[in-house]
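Numbering (the working numbering) for the sequence shown: 386 to 974.
Where a beta carbon is used, it is the ideal one built from N, C-alpha and C, also for glycine.
Note that this is a predicted model, so its numbers are computed, not measured.
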Amino acid sequence: MPAGESLGPMPPPDDRSQASQDVARAIIAGFDRRYRAFRAASAHARLSFEQGDWAGLREVSRQSTDAYDRQVRQTVEEIRERWPGVHAEADWPAIKVATIALLMNHQQPELAETFFNSVTARLLDRRYFHNEYLFWRPAVSTENIEGLQPTWRTYLPATHGLRACLKQMVVDLQLVSDWEDLERDLAAVVRAFLTVLPHPLEVQQGLQVQVLSSLFFRNRSATLVGQVLNGPDQIPFAVPIRKNSKNELYLDTVLLERAELGTLFSLARSYFLVDMEVPSAFVGFLRAIFPEKPPAELYTALGLHKQGKTLFYRQLFEHLRHSADQFVVAPGVRGMVMLVFTLPSFPYVFKLIRDHFEPPKDTDRAKVMEQYRFVKLHDRVGRMADTLEYSDVAFPISRFAPALLEELEQKASALLERDGDRLVIKHLYIERRMTPLDVALHGAGPEKTKALLFEYGQALRELASANVFPGDLLLKNFGVTRFGRVVFYDYDEISPLDECTFRFIPMPKDDEDAWRAEPSFFVGPNDIFPEEFPRFLFPDERLKAHFLAMHGDLCTPVFWRKKQEQLRAGLEDDVVPYLESRRFPHVHG
């Protein structure tokens, strides 16, 4: 359709204005349906938690992660059917203006703007992706939006005492299950707070405890998040609430260190399910606790990952405007499936799927994309990096180092398009930058080496508990986060653990058998021989010895087969997002 053609046969001006308003209403109605479904999923998560239905909680989490795109598609189909000419650009400035008017008293305007962009991007050609048609910058403020219910509750320990306030917080949650021993748990929480409060405590005017009004549901926990304010002092905290075998509630621990809280909200974990009437108010509260975390990460952790993508995109291009360094090849060993580059001044890596894979890689682009989707929907247990997936991202060509640009055009040309002075990347994954484990181990001292190898083994164990086998266990495929955790980030060979076949290496039949370069026995496509791990993973004998001393059981089929038996019997390991030593003593019996 030629540029300038409108929503249908050219209507009178008043009718065109009405059509623009109708399209805007259809888009916002689509968003409202999406957000009602999001809140319904959070309510379902609460019900599943109260019933101890962990499989149901996992399923609602998975469905919620995938639901946004479904609603976008439905809204696009509705608009195309009702307004066949909507893919032209002439009316979109008016549609955007009409949308802004609808959002002035909306409780989730920033999310609705992102939904508008998602719908518009599917209706318009890419050459129209600019601020006149899309919300490149937010148009409606999220300041001081009021909901029907308060975002957080306030308690006054100077008046009622800390323990009484804590008890009232728990009562106000209105969980329907019985408690194992609430008084015991509250005493443990008070003792934990006393270890971080100054002695003697000087009570400032306005001493208060603030807690978010909705619980944060994920896996087998419902977590209460809040902060203690005492004058200028702030103590953030989180209290995971869990269930015992009798379906009774108990407080598992209280997390008071910022590093612990940062790990709790790590994007290497599944997103939380939280019932939020005004999500921007929740993010504002959390930003006071995590000033180092950008809003994009907080929205993502709260299950609003599309909003996280929007904010990250703005953050990236704002950074490009205020920096001058060039994109370069990311440090570390080159991958056989992905081309990875980075901007030294920006703490993320950018990943493209190569056009062709050299042997022994036996996969294709569609399969790799499916693997990344598998990780997005799976329980990442803090051991798999989350990824932001984008299409048609236009970068200034001048920001690419010549050597990187040449490599991209040679090895991923199918994903590239030159558009004037811009390089358009048609499909791109973005992850937070980590230090590759092999790089971190190089030159590390004895204690650091042992700590990293222990973390590496723990990552394999926890992934196995989540029914995940990484496939390619090479150290270069794991990274070390700023918190010192080892996280997996290369997904092209990942598979469910219960689909693998773990075998002992057969004994050779004779001397000739023993000296063969290739195995003389049949090896199936899913066969794995853990006894080979030390030889392939650790050419350095010192690293091999340390790993075997800590995790030698991972190098036999016995460990992996036992884990498979547990998974098939429905006996899942309970992996918590904090150290076992941080759990209250009564949790361990």
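Nearest CA to the CA of residue 876: which residue from 405, 856, 818?
In this structure, 856 is the residue among 405, 856, 818 with its C-alpha nearest to the C-alpha of residue 876.
Answer yes or no: do residue 723 and residue 738 have a C-beta to C-beta separation smaller than 9 Å?
Yes, the pair counts as a contact, with Cβ atoms nearer than the cut-off.
Selection from 874, 485, 543, 436 that minimises the alpha carbon distance to residue 631
The candidate whose alpha carbon is nearest that of residue 631 is 436.
Excluding five sequence neighbours on each side, which residues of the same chain lie with their C-beta closer than 6 Å to the C-beta of residue 675?
For residue 675, where only same-chain residues beyond five positions count, there are no Cβ hits under 6 Å.
N-terminal and C-terminal residue of the beta strand (DSSP E) that residue 1005 is part of:
Residue 1005 cannot be examined here, being either before or after the span of the chain that is shown, 386 to 974.
At what residue ranges does the region 498–550 contain a whole run of the beta strand (DSSP E), taking only runs of 3 or more?
At a cut-off of 3 residues, the continuous stretches assigned as beta strand (DSSP E) that sit fully inside the region 498–550 are 537–540.
At what residues does the beta strand (DSSP E) containing residue 457 begin and finish?
First-last for residue 457: 439–467, but that is the alpha helix (DSSP H), not the beta strand (DSSP E).
Would you report the Cα separation of residue 920 and residue 707, rounded to the nearest angstrom?
In this structure, the straight-line span from the alpha carbon of residue 920 to that of residue 707 is close to 47 Å.
Do residue 525 and residue 551 come within 9 Å of each other at the CB atom, strictly closer than that value?
Note that the C-beta distance between residue 551 and residue 525 is not below 9 Å.
What first and last residue would you give for the beta strand (DSSP E) that runs through residue 890?
Note, residue 890: premise wrong, no beta strand (DSSP E); not H, not E.
For residue 941, I'd like the list of residues in its chain whose CB is within less than 6 Å of its CB, leaving aside the five on either flank, ordered along the chain.
Excluding the 5 residues flanking it on each side, residue 941 has same chain C-beta neighbours closer than 6 Å at 915, in chain order.
Just list the alpha helix (DSSP H) runs in the region 748–803, keeping only unbroken ones of 4 residues or longer that don't cross its boundaries, in chain order.
Qualifying alpha helix (DSSP H) stretches, in chain order: 750–762, 787–796.
Host beta strand (DSSP E) of residue 646 (start-end):
Element bounds for residue 646: not the beta strand (DSSP E) but the alpha helix (DSSP H), 643–649.
Spell out a yes or no on whether the region 922–935 and the region 615–631 are touching, meaning 3 or more CB-CB pairs, one atom from each, closer than 8 Å.
When Cβ pairs closer than 8 Å are counted between the two stretches, the region 922–935 is seen not to touch the region 615–631, the count staying below three.
Own chain partners of residue 714 with C-beta closer than 6 Å, once the 5 adjacent residues on each side are dropped:
Once the five neighbours on either side are set aside, the close Cβ partners of residue 714 are 726, 789.
Strand pairing of residue 489, partner residues [DSSP]
DSSP output for residue 489 lists no bridge partner at all.
Would you list the residues sitting across from residue 603 in a DSSP beta bridge?
Beta-bridge pairing links residue 603 to 606.
Which residues in the same chain have their Cβ closer than 6 Å to the Cβ of residue 661, if we skip the five residues on either side of it in sequence?
Residues of the same chain with a CB within less than 6 Å of the CB of residue 661, apart from the 5 flanking positions on each side, are 667 in chain order.
From residue 925 to residue 861, what does the alpha carbon distance come to, in whole angstroms?
So the two alpha carbons sit approximately 14 Å from each other.
When burial is assigned at 16 or more other CB atoms within 10 Å of the CB, is residue 840 buried or exposed?
The residue in question, residue 840, is buried, as its Cβ has 16 or more Cβ neighbours within 10 Å.
Measuring straight from C-alpha to C-alpha, what distance separates residue 866 and residue 405?
The alpha-carbon atoms of residue 866 and residue 405 are separated by roughly 48 Å.
Residue 777 to residue 806 span [Cα, whole Å]
Pairing residue 777 with residue 806, the inter-Cα distance amounts to about 15 Å.
Assign residue 667 to one of three DSSP states: helix, strand, or coil.
Reduced to three states, the DSSP call for residue 667 is helix.
Please list the terminal residues of the continuous alpha helix (DSSP H) segment that includes residue 953.
Taken as a continuous stretch (DSSP letters only), the alpha helix (DSSP H) holding residue 953 covers 942–953.
In the DSSP assignment, the alpha helix (DSSP H) including residue 581 goes from what residue to what residue?
Note, residue 581: alpha helix (DSSP H), 567–581.
Reducing DSSP to helix, strand and coil, say where residue 975 ends up.
Nothing in the structure corresponds to residue 975, since the chain is present only between 386 and 974.
Could you give the DSSP three-state label for residue 412: helix, strand or coil?
In this structure, DSSP gives residue 412 a helical state, which the three-state scheme calls helix.
Secondary structure at residue 590, three-state DSSP: helix, strand or coil?
Three-state DSSP puts residue 590 in coil, outside helix and strand.
Where does residue 394 sit, in a helix, a strand or coil, going by DSSP?
With a pLDDT of 46 at residue 394, under the threshold of 50, the predicted position of this residue should be treated as unreliable, and no value is reported.
The beta strand (DSSP E) that contains residue 723, what's its start and end?
Looking at the DSSP string, the run of the beta strand (DSSP E) that includes residue 723 is 723–728.
Since residue 627 sits in a beta bridge, which residues does DSSP pair it with?
By DSSP's assignment, residue 627 forms a beta bridge with 635.
Kindly give me the distance between the Cβ atoms of residue 822 and residue 863, rounded to whole angstroms, as I take these residues to be in contact under 8 Å.
The beta-carbon distance between residue 822 and residue 863, rounded to whole angstroms, is 4 Å. This is short enough to meet the 8 Å contact definition.
Are there 16 or more other CB atoms within 10 angstroms of the CB of residue 937, so buried, or fewer, so exposed?
So residue 937 ends up on the exposed side.
Sorry if obvious, but does the Cβ on residue 936 come closer than 8 Å to a heavy atom of the ligand SAH?
Within the structure as shown, the ligand SAH is missing, as the structure has no ligands at all.
Distance between residue 852 and residue 948 (C-alpha atoms, nearest Å)
Residue 948 and residue 852 have their C-alpha atoms some 9 Å from each other.
Measuring straight from C-alpha to C-alpha, what distance separates residue 369 and residue 918?
Since the first residue shown for the chain is 386 and the last is 974, residue 369 is missing from the structure and cannot be characterised.
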